[in-house]
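UniProt numbering numbers the first residue of the sequence shown as 269 and each following residue consecutively. One structure below.
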Amino acid sequence: AKSNDRKSDPAPNTVCGITISNPDKEMWPAADGAAVSKLDLARYLETVGPWMLDHIKGRPCSVIRAPDGIKGETFFQRHAMRGISDEIDIVRISGDREPYIEVNSVDGLVALGQIAALEFHPWNCEPFDPDVPGRLVFDLDPGLDVEFARVVDAANELRERLENVGLVSFCKTTGGKGLHVVTRLKPRRGDGIGWKEAKMFAGALCQQMAADDPSAYVIKMTKKLRKGRIFLDYLRNDRMATAVAPLSPRARPGATVSMPLTWTQVRKGLDPKRFTVHTVPDLIAKSKAWEDYASSGRPLGAAIKSLLGR
Ligand code: ATP
Ligand code: MN
Ligand code: MN
269 AKSNDRKSDP APNTVCGITI SNPDKEMWPA ADGAAVSKLD LARYLETVGP WMLDHIKGRP
329 CSVIRAPDGI KGETFFQRHA MRGISDEIDI VRISGDREPY IEVNSVDGLV ALGQIAALEF
389 HPWNCEPFDP DVPGRLVFDL DPGLDVEFAR VVDAANELRE RLENVGLVSF CKTTGGKGLH
449 VVTRLKPRRG DGIGWKEAKM FAGALCQQMA ADDPSAYVIK MTKKLRKGRI FLDYLRNDRM
509 ATAVAPLSPR ARPGATVSMP LTWTQVRKGL DPKRFTVHTV PDLIAKSKAW EDYASSGRPL
569 GAAIKSLLGR
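Structure, rendered in structure tokens:
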């Protein structure tokens, strides 16, 4: 039905009522699979936008823009600029004089696609509440010479460790080299759980995991230590830290996407390169991944007690 609607669209280069300039410009050139044009990107965002939005709305959201496609210069943009589309909200955050980009509608996503935003990187706070942690993201970064199957093992181990302290977790590809394990939190007013506690908890959990298998995991940033190991990057869990949004494309060859997975998919043979701007709209429509995400939040306070006995 969707594609028929588009054909009847009065203006052919219009998506969500937004005119896409340079619609044929190749954002991802054909060299690495079928090309993705700027119009393709806008249509992708329109299609998966409703699904993405739950994870983006109400939070400052940085974007990676690539005005000349991924082979050209790319830049990471946190702040709203003069002349930005009305579809995009502008928010002020304590601790920074410059206002941030916030996307609260599918039209806003498409408007950002129109200015060649290829990647979407929201904060991990509760919607409209920057000081309250809304989710934890464990960023698994394999060093050189680490087989992807080991990253899969790491994700499953993290899931179990989180479950052991009462937290429910979900996994997604990053569209890059690793995986993200994400845990929804249920904030309680006045429970004293802020970003300091969230980062401390994530760090302590990763520290235990690394201590139990130091040949497989590291929690130190030092690049040298990562060779042959997986860096458990818990530092995404801070007020101003971001992680790429579920279903965001990546400005990387092949137009890969950060794809939400079911835990059954997180096993040997998982190939993140399968998930692209071309394949994901159909795959996500059929997938049950992250179905229970919205209702999965648990209070972090209890998990901290369970992990650290305080
Ligand atoms: P990969 O699986 O290849 O590691 P990734 O998205 O996890 O992909 P990382 O480099 O591990 O990439 O970064 C994790 C997250 O941290 C990113 O998704 C992004 O939101 C944020 N990030 C990374 N680099 C920067 C940067 N230079 N400035 C701001 N945020 C960044
Ligand atoms: Mn990573
Ligand atoms: Mn990282």
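Even glycine gets a Cβ: it sits at the ideal position worked out from N, Cα and C.
{"Item": "Paired residues, beta bridge with Phe469 - DSSP", "Value": "Beta-bridge pairing links Phe469 to no other residue."}
{"Item": "For residue 234, the three-state DSSP class (helix, strand or coil)", "Value": "Coverage of the chain is limited to positions 269 through 578, which leaves residue 234 absent and any answer about it impossible."}
{"Item": "Range covered by the alpha helix (DSSP H) that runs through Lys573", "Value": "568 to 576"}
{"Item": "Pairwise C-alpha distance: Arg507 and residue 581", "Value": "Because the chain spans 269 through 578 in this model, residue 581 falls outside it and cannot be assessed."}
{"Item": "Where Lys536 sits in the DSSP three-state scheme", "Value": "coil"}
{"Item": "Exposure label - Pro318; buried when at least 16 CB within 10 Å", "Value": "exposed"}
{"Item": "Any non-hydrogen atom of ligand 1 closer than 7 Å to Lys467 Cβ", "Value": "no"}
{"Item": "Within 5 Å of ligand 2: residues by beta-carbon to any heavy atom", "Value": "Asp407, Asp409, Gly446"}
{"Item": "Beta-carbon spacing of Ala417, Lys536 below 8 Å", "Value": "yes"}
{"Item": "Continuous beta strand (DSSP E) stretch holding Pro332: start and end", "Value": "For clarity, residue 332 is Ile in the given sequence; the question names Pro instead. From DSSP, the beta strand (DSSP E) with Ile332 extends over 329 to 333."}
{"Item": "Span of the beta strand (DSSP E) around Lys554", "Value": "Not the beta strand (DSSP E): Lys554 falls in the alpha helix (DSSP H), residues 548 to 554."}
{"Item": "Cα-Cα separation between Asn281 and Pro410, rounded to whole angstroms", "Value": "41 Å"}
{"Item": "Whole beta strand (DSSP E) elements within the segment 427 to 488, 3-residue minimum", "Value": "437 to 441, 447 to 452"}
{"Item": "Inter-stretch contact at 8 Å, needing at least 3 Cβ pairs: the segment 325 to 342 / the segment 364 to 384", "Value": "yes"}
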